[in-house]
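Engineer: My questions all concern the structure below.
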Amino acid sequence: MIRTSWIASSALLLALTAGGAQAADGRTLYVENCAACHRPNGVGVPGAFPTLVGSKVVTGDPKATSRIVLEGRGGMPAFQGEMDDDEVAAALTYVRGSWGNKAKPVQTADVGAVRGKARREDARASLQAH
0 MIRTSWIASS ALLLALTAGG AQAADGRTLY VENCAACHRP NGVGVPGAFP TLVGSKVVTG
60 DPKATSRIVL EGRGGMPAFQ GEMDDDEVAA ALTYVRGSWG NKAKPVQTAD VGAVRGKARR
120 EDARASLQAH
């Protein structure tokens, strides 16, 4: 009985570890997609790229922040075609918890709701144009 339970526990641990390895790594996604403009330390470039450190936009409503990442803003590119919902959530969670920021993690469902709403609005606009 003990051996069977140990094997089951080991299998569960292995499955959880494998799933975690496949999960989006927010820090890596930030470095690969955001750090060139917002700098590796999140301070941005004054007058060009805003700081993410202590930003009320970053630490505010996760859906609003998700919309900015998905659709872009100002000179920032849109990442809706580059990153999936898990990746956006992971990158934003990293930013919201780094450099002294203390905001709650962003949930994949929040990003998906924003992405879905944008698709519905685009469809409506397309129908209205005809």
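Anchor point for the sequence shown: position 9 equals 8 in numbering that gives the first Met the number 0, and the numbering is continuous, going up by one each time. Here a beta-carbon is modelled for each residue, glycine too, at the ideal position from N, C-alpha and C.
By alpha-carbon positions, which one of G96, T58, G43, T107 ends up nearest to M82?
Structural biologist: Position 83 of the sequence shown, counted from the start, is the residue given in the question as residue 82. Answer by Cα proximity: T107.
Engineer: Suppose you measure from the CA of Y93 to the CA of C33; what does that come to, to the nearest Å?
Structural biologist: Translated into positions along the sequence shown, residue 93 becomes position 94. Translated into positions along the sequence shown, residue 33 becomes position 34. Approximately 11 Å, taken between the alpha carbons.
Engineer: Of all the options G111, R66, G74, which has the alpha carbon lying nearest to the alpha carbon of P49?
Structural biologist: Working through the sequence shown from its first residue, we reach residue 49 at position 50. Out of G111, R66, G74, G74 has the C-alpha closest to the C-alpha of P49.
Engineer: Per DSSP, what kind of secondary structure is R38 in: helix, strand or coil?
Structural biologist: Indexing the sequence shown from 1 puts residue 38 at position 39. Residue state, collapsed to three classes: coil.
Engineer: In terms of residue numbering, what span does the alpha helix (DSSP H) encompassing K55 cover?
Structural biologist: In the sequence shown, residue 55 corresponds to position 56, counting from 1. Taken as a continuous stretch (DSSP letters only), the alpha helix (DSSP H) holding K55 covers 55 to 58.
Engineer: Using C-beta distances below 6 Å, list every residue in its chain close to A77, excluding the 5 sequence neighbours before and after it, in chain order.
Structural biologist: In the sequence shown, the residue the question calls residue 77 occupies position 78. The residues are E70, G71.
Engineer: If I measure Cβ to Cβ from D84 and keep anything under 6 Å in the same chain, skipping five residues before and after, which residues do I get?
Structural biologist: By 1-based counting over the sequence shown, the position of residue 84 is 85. Correct list, in chain order: T107, V110, G111.
Engineer: Relative to the C-alpha of V52, which residue among R114, K101, V105 is closest?
Structural biologist: The sequence position of residue 52 within the sequence shown is 53, counting from 1. When only C-alpha atoms are compared, the closest one is K101.
Engineer: Out of A47, D60, K103, which has the shortest C-alpha to C-alpha gap to V113?
Structural biologist: Numbered from 1 along the sequence shown, position 114 holds the residue referred to as residue 113. Minimum Cα distance to V113 is reached at D60.
Engineer: Please go through the region 80 to 118 and give each complete alpha helix (DSSP H) segment of 4 or more residues, from N-terminal end onward.
Structural biologist: 84 to 95
Engineer: Rounded to the nearest angstrom, what separates R38 and K116 at their Cα positions?
Structural biologist: Indexing the sequence shown from 1 puts residue 38 at position 39. Indexing the sequence shown from 1 puts residue 116 at position 117. A straight line joining the alpha-carbon of R38 with that of K116 spans about 30 Å.
Engineer: Looking only at its chain, what residues have a beta carbon closer than 7 Å to the beta carbon of S187, apart from the 5 residues adjacent to it on each side?
Structural biologist: Nothing can be reported for residue 187: it is not among the residues displayed for the chain, which extend from 0 to 129.
Engineer: CA-CA distance, Y29 and Q79?
Structural biologist: In the sequence shown, the residue the question calls residue 29 occupies position 30. In the sequence shown, the residue the question calls residue 79 occupies position 80. The straight-line gap from Cα to Cα measures roughly 15 Å.
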